[in-house]
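Read the structure below first, then the notes.
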Amino acid sequence: MADKCEIILEKEEYAPGETINGRIECSFAFENKVKGIRLKITGDAKVFWKLSAFAYRRAQEVYFETELNLLEGEVTFQPGLYAYPFSYTLPPTVPSSMQEGDPTYKKTIVSYVVPFDLINVYYGCVQYLVTATIERSWNTNFDLEKPFRVHSSLDLTTISGLERNFELSIGKRPSAIFKDTGPITVTIHMPRTGFVPAEKLPFTVNIKNSSGVDIQYVQFKFVQGFVFHAQQSTKSIDTMVGEEYMLKESDVPARNERSWKLELVVPSMFLGNYTHCTIIKNFWELRGEISLPFPNNAFIVHVPITLGSVAMSKHV
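Counting from 0, one number per residue, gives the positions in the sequence shown under numbering that gives the first Met the number 0.
As structure tokens, this is what we get:
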């Protein structure tokens, strides 16, 4: 039987402001001389993405870094089981744990100039970790690591303005061969912009096609994602795309106008709260696609919404 040490936490997920309780547990099969037990609890965010084989963007944000000495001075332990408890109260504003990467990413020359712990982030992460070193005399040290998760909720009642009516109107002038063409104007109206997962989202769509081209179809979907910030640059990725909903009889002939009254169900996944993280932000949106004939690209409409874990007390 060999000597063994491990970090034990009472649970794997915590809320901001909650106290972490745990212990360092060592099972010694033989006599051990231990010079110290050092513990570190950290929380940080990192972002990294590649611009080219030789260029990249990176950033790091530290939320806390606490060191504890659980044992100072050399102590001789006889064979047996020993435990050293510890506790730490998380700051009340730490963001939720997350990690998003690119499965197609391959290391390039930047691997030699970027710290290894950032290279593996691609694109970003918020991580929390307990590490410990049990320093032994005349023997190898125990270096331990134990990650834990944080889930930060978002109370919609604390954000003003989400209960108000919202209207977005945006236009595009498509190309038409050998002739001038008028704009296509899309107007979307919602009674509010704050929702919780699995809630119904009602909205109306009006499309005024003043152009000389026919709109082929109109469809909508929910999209969730992250925006990463580093060195005055941003990188946006979609992490969840809901099922596409194509409107019935959604073609709009040239110089015509149509309206629809719709209702979609908000996806059940909530990414977490990143209000107090400056290098990683999450987003939710209702994304519309108005399909146009060649040579025009589709007309994309982005309607921002706010998704929380605590619903608004009243709806207007």
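Idealized CB from N, CA, C, for every residue including glycine.
I'd like to know whether the C-beta atoms of residue i and residue j end up nearer to each other than 7 Å.
i	j	result
Ala-44	Asp-2	no
Thr-192	Thr-305	yes
Val-251	Ile-206	yes
Leu-263	Leu-200	yes
Phe-227	Val-46	yes
Pro-266	Phe-225	no
Glu-99	Gly-123	yes
Name the residue from the options whose alpha carbon lies nearest to the alpha carbon of residue i.
i	options	result
Leu-285	Pro-292, Pro-84, Ile-278, Val-302	Val-302
Thr-180	Met-189, Glu-198, Ser-209	Ser-209
Thr-41	Thr-88, Ala-54, Ile-299, Leu-291	Thr-88
Pro-292	Ala-175, Glu-60, Val-309	Ala-175
Thr-203	Pro-182, Met-189, Ala-197	Met-189
Leu-69	Gly-79, Ile-278, Lys-39, Val-309	Lys-39
Ala-197	Ala-229, Ala-310, Glu-134	Ala-310
Phe-141	Pro-294, Asn-31, Thr-18	Asn-31
Ala-131	Glu-5, Ser-290, Trp-259	Glu-5
Tyr-127	Met-97, Phe-76, Ile-279	Met-97
Ile-19	Phe-76, Trp-48, Ser-86, Tyr-55	Ser-86
Buried or exposed for residue i, going by 16 or more other Cβ atoms inside 10 Å?
i	result
Leu-50	exposed
Arg-254	exposed
Tyr-111	Unreliable positioning characterises Tyr-111 in this predicted model, as indicated by a pLDDT of 48, which lies under 50. The coordinate reading is nonetheless provided below. Exposed: under 16 other Cβ atoms inside 10 Å.
Phe-53	exposed
Asn-138	exposed
Asn-296	exposed
Ile-183	buried
Gly-307	buried
Ile-299	exposed
Gln-230	exposed
Arg-57	buried
Ala-14	exposed
Pro-173	buried
Gly-287	buried
Gln-223	buried
Ser-235	exposed
Does the beta-carbon of residue i, which I'm using as the reference point, lie nearer than 6 Å to any heavy atom of the ligand SAH?
i	result
Cys-4	Within the structure as shown, the ligand SAH is missing, as the structure has no ligands at all.
Under the assumption that residue i contacts residue j (Cβ atoms under 8 Å), give the Cβ distance between them as a whole number of angstroms.
i	j	result
Glu-73	Arg-37	Their Cβ separation, rounded to whole angstroms, is 14 Å, which puts Glu-73 and Arg-37 out of contact at 8 Å.
Pro-84	Arg-22	5 Å
Taking three-plus beta-carbon pairs below 8 Å as touching, is the stretch 201–219 in contact with the stretch 265–276? no
Is the stretch 159–173 touching the stretch 11–29, taking contact as three or more C-beta pairs under 8 Å? no
Counting pairs of Cβ atoms below 8 Å between the stretch 146–155 and the stretch 0–15, do you hit three or more? yes
Inter-stretch contact at 8 Å, needing at least 3 Cβ pairs: the stretch 150–161 / the stretch 60–73: no
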